[in-house]
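Asker: Residue numbers (my numbering): 4 to 822. One structure is given below, represented as structure tokens, and several questions about it will come after.
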């Protein structure tokens, strides 16, 4: 998403930034009635300014592409010496260049002004409309094709019937001239008047500009910033989503089932009418198709159904193709001419909306998905034109039969996608407690949508750290606010950690795990009273079960506490370092990475305070100086049974981190991390290149009185999480940095005056968690005491050696609490 208001980028706009910041944050406290009225006011403006222009542009686009079919009824083939399949070749050759530019132009559209790209203006719609609103607008947009066919027939009849031979120019040439001049004129006007994004639109006031972006961010869950995702990343995101391949197939064969459009006047002419009469009687067919397409897209939107609508419409097209093929009765064949486009063309408009709604932001991913589906889908037009050779007239049995068969295949693929979504939803239901009600805006349960939207809701805190330092900071803070109060974690993009630093650190971390066991045991954690060092496979315990992982715990290098200091301060102390000769430069790579993450971590409390409408210094009192940050290096090897698809081990059990924030680098592409939402549903948090996963800890939850939501999470050792692209098993590596707070602090000592409108953002303050007790339920002392107890019970070998009495008391308290 672009900045809130384009003026913010100007050097003299500091006051405006503050004004818009306050305005932007105020939206969250508005009543539902205010939002309904504001949305209605905004959409009324956007629809009237945007839709007519875009529909007209697509109408002209399709009119210019289809006028060849009307020109054929004139002297086109005779004048150009066309024979056999020459006309079919002329029809198909258009799509070669048309398709080659689909992907680059759609991706380029996310880098430059969309008004310059008239033919693909549809790709900018996700900068104006929410997902629920987009479907019906896309239907109106694509209705331009039906209107183009209707008007094309009328215009063709008028031109061929009245201008043929005028000034020595053939009628079909006049048809191209007249329609081409209109298109060029409209394109010039569009480049001038078509708006780009809400932030730079003069017919929206500043409040409407800001609100237009605010509601899109809440719909998609993340504020889009044009150019924030690279094209390479976008393509990776698209092709990693398995559904894209089915949607490509669906769109391809759907377009193949519509190839009769380019021969429609010729097919209708087989009813026995003259050229002009033929063009005139095609108009009612396309007017009927236009009306039906609007009706079915409206019912599709109202019922939140796509697949059943597509299946039913394609079966109508099947009937049309069969009737047109098997009978010579003029009335029946004319009726079939209505059924074929009413079914296939109307279904295609729903398919387009289905594709657009099925792929989340960032905008460049959506643009890439739409472009790829269009590009590969439209290749059907290159060879599909040969389904209707002149030699098969007048009944065109081959074309009609093939159209009916392909239409049936479209219905079948739509059914497969539907069943796939049913299966996905069933998997969600198996982990979803009975009686849970989904948010209708973000977790629609309609078949074919729930899985996609659930993922988008889960990605709702996909923040871009660069926005925190730019005029678009309010967007970053709004997204951060939603993550804090309702999600509990988020992906962070563009963190100030160099790629080279990450790569060097990951390489050395992997080398560390390759050391011989005797070298690892030299720094085993049991030797450290500060819970630092190496832990063998299964040594750590979470949720009363051993974790199937081995790990190294390091931290900011600090001296051991004095003898007279509280016992809990022993969670701070010096590291146990591996032998430098065994793993050269490990310490250097470690220190560089931890230093950069520490700088990031220490900048975040001020941002969190601002997101909660508190002074930036609100959390200053809760941290020690210097802060100690703990960095774990974790390896999850494939567990026994993984090779045959079975495993009874946990990577790490359900838990909440005890600190302020956790900054997690997922070092390999293997899945496994899962986050539990407030309903108790477990959601996968896959590795996303170029991001860190930020978890909110129990300390922050306690300090804010539960307003900020700590994340219950786990690592699942499903066998498929360890498979690479070739199906080979491999370990999963992750590297979390834990940001702690002052150990001497008690949550009861901190009183943060969180504004009522922030408290009102909490959508559900009673949520289900599989984690152990929340921070204050298990211990009422200082944060240091709670952290110390957690370490002793998690690393019982260390507790048994250094703190046996504390361990015994803690285990008894844990058992008593659980019973």
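A virtual CB, placed ideally from N, CA and C, is assigned to each residue, including glycine.
Please return the same chain residues whose Cβ sits closer than 8 Å to the Cβ of residue 249, not counting the five positions on each side in sequence.
Answerer: Here the set comprises 416, 419, 420, 423.
Asker: Quick one, which of 493, 492, 509 has its alpha-carbon nearest residue 500's?
Answerer: Among 493, 492, 509, the Cα nearest to that of residue 500 belongs to 509.
Asker: List the residues that DSSP assigns as beta-bridge partners of residue 665.
Answerer: Its beta-bridge partners are 698, 741.
Asker: Looking at the unbroken beta strand (DSSP E) that takes in residue 676, where does it start and where does it end?
Answerer: 676-679 is the span of the beta strand (DSSP E), which, as asked, contains residue 676.
Asker: What first and last residue would you give for the alpha helix (DSSP H) that runs through residue 190?
Answerer: It spans 174-196 - the alpha helix (DSSP H) in which residue 190 sits, taken as one unbroken run.
Asker: Going along the chain, which residues of its own chain have a beta-carbon closer than 8 Å to the beta-carbon of residue 44, five neighbours each way excluded?
Answerer: Correct list, in chain order: 211.
Asker: Check whether the region 691-702 touches the region 481-500, taking contact to mean three or more Cβ pairs, one atom from each stretch, closer than 8 Å.
Answerer: Segments in contact, yes.
Asker: Where does residue 657 fall in DSSP's three states?
Answerer: Of the three classes helix, strand and coil, the one that applies to residue 657 here is strand, per DSSP.
Asker: Within 10 angstroms of its Cβ, does residue 359 collect 16 or more other Cβ (buried), or is it exposed?
Answerer: Counting Cβ neighbours within 10 Å, residue 359 comes out buried, since at least 16 surround it.
Asker: Is residue 252 helix, strand or coil when you go by DSSP?
Answerer: Reduced to three states, the DSSP call for residue 252 is helix.
Asker: For a test of the three-state rule: what should DSSP assign to residue 441, helix, strand or coil?
Answerer: Only weak support exists for where residue 441 lies, its pLDDT of 32 falling under 50; the value from the coordinates is given anyway. Residue 441: coil per DSSP, three-state reduction.
Asker: By a C-beta neighbour count over all protein chains shown, 10 Å radius and 16 as the cutoff for buried, is residue 187 buried or exposed?
Answerer: The residue in question, residue 187, is exposed, as its Cβ has fewer than 16 Cβ neighbours within 10 Å.
Asker: Quick check on the burial criterion: 16 or more other C-beta atoms within 10 angstroms. Buried or exposed for residue 636?
Answerer: Residue 636 should be labelled buried.
Asker: Nearest-angstrom Cα distance between residue 604 and residue 36?
Answerer: Near 39 Å, if we compare the C-alpha coordinates of residue 36 and residue 604.
Asker: Going straight from the alpha carbon of residue 757 to that of residue 487, what length do you get?
Answerer: When rounded, the distance between both Cα atoms is 13 Å.
Asker: Which residues mark the beginning and the end of the beta strand (DSSP E) in which residue 493 is found?
Answerer: Here the beta strand (DSSP E) through residue 493 covers 492-496.
Asker: Check this for me: beta carbons of residue 246 and residue 361, under 8 Å apart or not?
Answerer: Cβ distance < 8 Å, so residue 246 and residue 361 count as in contact.
Asker: Can you find at least 3 beta carbon pairs, one from the region 520-535 and one from the region 577-592, that sit closer than 8 Å?
Answerer: Judged by Cβ distances under 8 Å, the region 520-535 makes contact with the region 577-592, as three or more pairs qualify.
Asker: Apart from the five residues on each side of it in sequence, which residues of its chain come closer than 8 Å, Cβ to Cβ, to residue 540?
Answerer: For residue 540, where only same-chain residues beyond five positions count, the Cβ hits under 8 Å are 551, 552, 553, 640.
Asker: Which partner residues does residue 2 have in the DSSP bridge list?
Answerer: The question about residue 2 has no answer, for the chain in this structure spans 4 to 822.
Asker: If distances are taken between C-alpha atoms only, which option among 198, 194, 163 comes closest to residue 181?
Answerer: The shortest C-alpha separation from residue 181 is found at 163.
Asker: Excluding the 5 residues flanking residue 804 on each side, which residues of the same chain have their C-beta closer than 7 Å to its C-beta?
Answerer: Correct list, in chain order: 529.
Asker: Among the candidates 749, 632, 616, whose CA atom is the shortest distance from the CA of residue 763?
Answerer: That would be 616, whose Cα lies nearest to the Cα of residue 763.
Asker: Going by beta-carbon coordinates alone, are residue 748 and residue 625 separated by less than 8 Å?
Answerer: Contact: yes.
Asker: Skipping 5 residues on each side, what residues in its chain have a beta carbon closer than 6 Å to that of residue 74?
Answerer: For residue 74, where only same-chain residues beyond five positions count, the Cβ hits under 6 Å are 175, 178.
Asker: Does the separation of the CB atoms of residue 608 and residue 665 fall below 8 Å?
Answerer: Result no, Cβ atoms of residue 608 and residue 665 do not sit closer than 8 Å.
Asker: Using a Cβ-Cβ cut-off of 8 Å, state whether residue 808 counts as contacting chain D.
Answerer: Note that chain D does not occur in the displayed structure, where there is just one protein chain.
Asker: How far does the beta strand (DSSP E) with residue 717 in it reach, from first residue to last?
Answerer: It spans 715-719 - the beta strand (DSSP E) in which residue 717 sits, taken as one unbroken run.
Asker: How big is the Cα-Cα spacing for residue 663 and residue 313?
Answerer: Answer to the nearest angstrom: the Cα atoms are 49 Å apart.
Asker: Can you grab the Cα-Cα spacing for the pair residue 70 / residue 62, in whole Å?
Answerer: Near 12 Å, if we compare the C-alpha coordinates of residue 62 and residue 70.
Asker: Tell me whether residue 344 is buried or exposed, calling it buried when 16 or more other Cβ atoms sit within 10 Å of its Cβ.
Answerer: Buried is the call here.
Asker: To the nearest angstrom, report how far apart residue 823 and residue 799 are at their CA atoms.
Answerer: Only positions 4 to 822 of the chain appear in the structure, and residue 823 is not among them; the question remains open.
Asker: Look up residue 685 in the DSSP assignment and give the residues it is bridged to.
Answerer: Partner(s): 679.
Asker: Let me check one thing: in DSSP terms, what residues is residue 2 bridge-paired to?
Answerer: In the structure as shown, the chain begins at 4 and stops at 822. Residue 2 is therefore absent and cannot be evaluated.
Asker: Between which residues of its own chain and residue 793 is the CB-CB distance below 6 Å, once the five residues before and five after are set aside?
Answerer: If we look at residue 793 and ignore the five residues flanking it on each side, its Cβ neighbours are 661.
Asker: Compare the Cα-Cα distances from residue 318 to each of 407, 401, 298, 284 and report the closest residue.
Answerer: The shortest C-alpha separation from residue 318 is found at 407.
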